[in-house]
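Under our numbering, the first residue of the sequence shown carries the number 8, and numbering increases by one thereafter. Only one structure is covered here, and it is reproduced in the block below.
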Amino acid sequence: MALILDGKKLRDELLEKLKSELDGYSIMPKLVVILVGDNPASKLYVNNKQKTAEKLGIISEVLTYPDSVTEEELLLKINELNSDISVNAILVQLPLPKHINKYKIINAISPIKDVDGFTPENLGKLLSGEIPYVYPCTPKGIFLLLDKYGISVEGKHVVIVGRSNIVGKPLSAMMLNSNATVTICHSHTKNLKEITKTADILVSAVGRDLIKDDMVRNDAVVVDVGIFKDEFGKTRGDVDFANVSKQVEAISPVPGGVGPMTITSLMLNTVELYKFQNLKKL
Ligand code: GUN
């Protein structure tokens with residue numbers, strides 16, 4: 008049986024530490040989340056983010072907009088939030104409706120309030136090896152989880168399945184910056200199994216039943232970023248946990264692995280931005 012990379016336990020540890028730091032603050036950090044439309048998964052994520060912030064004393068405001076909202080309305084609001092000194096962190100929940108140009112919206116967020124690290128300035132810094140204001144939440148959470156269990160990525164072959172802007176692409180840059188050898192696979196990749204079998208660390212961020220026990224080596228570390236409900240309504244990840252966990256070295260479960268770490272990173276990022284903004288004013 009593999010070592011379980013327990014995201015819930017690490018979340019509890021990190022958030023307890025963060026809470027005791029925040030208890031000493033006279034003015035609390037503030038996070039504003041923009042939620043457009045009624046995507047049930049997005050609503051659930053935003054709800055979880057808000058609940059976690061509340062427990063810590065972080066002020067969290069959710070601005071909800073109907074699907075019919077215009078780009079102009081969102082851009083006006085983002086500009087207002089950029090210049091509101093009481094707001095430290097801005098998150099636009101993705102996906103956005105098709106008629107909205109997500110790049111235009113993300114580009115409008117001030118890089119020093121960009122809590123996801125998704126603006127061109129922050130992603131550009133990440134790619135060039137400069138330190139961004141914050142690191143994207145899910146990749147950051149994966150690093151925290153690997154660090155906790157003493158798993159170094161240096162010199163390892165890290166295979167990432169999935170090339171999203173939220174996980175695969177920023178994670179690959181962070182892995183490279185940490186001296187891993189990185190392969191990114193996606194829906195057009197031929198011989199996926201042949202590649203995943205060469206992974207020292209396999210990260211799957213696809214969102215469907217994909218990784219079977221014959222696709223991983225016995226000494227691999229497996230990080231499962233996928234989360235979806237199967238045909239029986241059970242929450243599960245990309246990896247066939249029951250079988251893969253019997254053979255690999257370490258594995259993150261779903262739920263309870265990367266998910267809690269993403270929210271933890273969001274809280275940490277909010278506080279990091281708050282500190283940066285307040286230091287600048289001194
Ligand atoms: N949708 C799914 N994951 C994320 C995330 O980390 N940030 C944002 N903004 N939207 C998401």
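A virtual CB, placed ideally from N, CA and C, is assigned to each residue, including glycine. As the structure is a prediction and not an experimental result, all values here were calculated from the model.
For VAL297 versus ASP216, is the C-beta distance shorter than 8 Å? In this structure the chain extends from 8 to 289, so residue 297 is not present and cannot be described.
Hey, is the segment 87-99 in contact with the segment 240-251, meaning 3+ C-beta pairs nearer than 8 Å?
no
Would you say VAL166 and THR203 are within 8 Å of each other, going by their C-beta atoms?
Here the question's residue 166 lines up with position 159 in the sequence shown. Here the question's residue 203 lines up with position 196 in the sequence shown. Against a cut-off of 8 Å, the Cβ pair of THR203 and VAL166 comes out as a contact.
* To do: Classify LYS37 as buried or exposed, calling it buried when 16 or more other Cβ atoms lie within 10 Å of its own Cβ.
  => Here residue 37 refers to the residue found at position 30 when the sequence shown is read from its first residue. Under this definition LYS37 is a buried residue.
**Asked** Enumerated in chain order, which unbroken segments of the alpha helix (DSSP H) with a length of 4 residues or greater are wholly contained in the segment 220-251?
**Response** none
- Message: Whole angstroms are fine: how far does the CA of ILE66 sit from the CA of TYR32?
- Response: Walking along the sequence shown from the start, residue 32 turns up at place 25. Walking along the sequence shown from the start, residue 66 turns up at place 59. Their backbone Cα atoms lie some 12 Å apart in a straight line.
Note to self: Assess contact between the segment 55-64 and the segment 101-119, defined as three or more Cβ pairs (one per stretch) separated by less than 8 Å. Is contact present?
What the structure shows: no
Please tell me whether, using a cut-off of 7 Å, the distance from the CB of TYR52 to the nearest non-hydrogen atom of the ligand GUN is below it.
One-based indexing of the sequence shown puts residue 52 at position 45. Yes, since a heavy atom of the ligand GUN falls inside the 7 Å radius drawn around the Cβ of TYR52.
Next on the checklist: Between the alpha carbons of THR242 and GLY14, how many angstroms are there, rounded?
Outcome noted: By one-based count along the sequence shown, residue 242 stands at place 235. By one-based count along the sequence shown, residue 14 stands at place 7. Cα-Cα distance, rounded: 16 Å.
### Query
Should LEU305 be counted as a contact of the ligand GUN given a C-beta to heavy atom distance under 7 Å?
What the structure shows of the chain is the stretch from 8 to 289, and residue 305 is not part of that stretch, so it cannot be assessed.
Requested in this report: Identify every residue that forms a DSSP beta bridge with LYS37.
Outcome: On the sequence shown, residue 37 is found 30 positions in, with the first residue counted as 1. DSSP, once it has assigned bridges, lists ILE66 as partnering LYS37.
| message | Is the beta carbon of LYS155 closer than 8 Å to that of LEU17? | response | Numbered from its first residue, the sequence shown carries residue 17 at position 10. Numbered from its first residue, the sequence shown carries residue 155 at position 148. Yes, these two residues count as a Cβ contact at 8 Å.
Q. Just to check, is the beta-carbon of PRO100 closer than 7 Å to a non-hydrogen atom of the ligand GUN?
A. By one-based count along the sequence shown, residue 100 stands at place 93. Sequence inspection shows Gln at residue 100; the Pro mentioned does not correspond to that position. True, at least one ligand heavy atom lies under 7 Å from that Cβ.
Cα-Cα separation, SER179 to LEU209: If you number the sequence shown from 1, residue 179 lands on position 172. If you number the sequence shown from 1, residue 209 lands on position 202. Going from the Cα of SER179 to the Cα of LEU209 covers about 12 Å.
Checking the sheet assignment: what are the DSSP bridge partners for LEU98? Sequence index remark: in the sequence shown, residue 98 carries index 91 (1-based). Partner(s): VAL40.
task = Using the Cα positions of ALA227 and GLU201, report the straight-line distance between them to the nearest angstrom.
result = For the purposes of this step, residue 227 is taken as residue 220 along the sequence shown, with counting starting at 1. For the purposes of this step, residue 201 is taken as residue 194 along the sequence shown, with counting starting at 1. Cα to Cα, ALA227 sits roughly 14 Å from GLU201.
* **Which of helix, strand or coil DSSP assigns to TYR72** => Along the sequence shown, read from residue 1 onward, the residue named residue 72 stands at position 65. Strand, per DSSP.
* To which residues of the same chain is VAL213 closer than 7 Å at the C-beta, ignoring the five residues directly before and after it? -> Here residue 213 refers to the residue found at position 206 of the sequence shown. Closer than 7 Å at Cβ, skipping near neighbours: VAL168, GLY169, GLY233, ASP245.
Fill in: MET8 burial status per 10 Å Cβ neighbour count (16 or more: buried)
Position 1 of the sequence shown, counted from the first residue, corresponds to residue 8. Result: exposed.
#### Entry: Proximity of VAL122 and ASN276 at Cβ, strictly below 8 Å
One-based indexing of the sequence shown puts residue 122 at position 115. One-based indexing of the sequence shown puts residue 276 at position 269. Yes, they are a contact pair.
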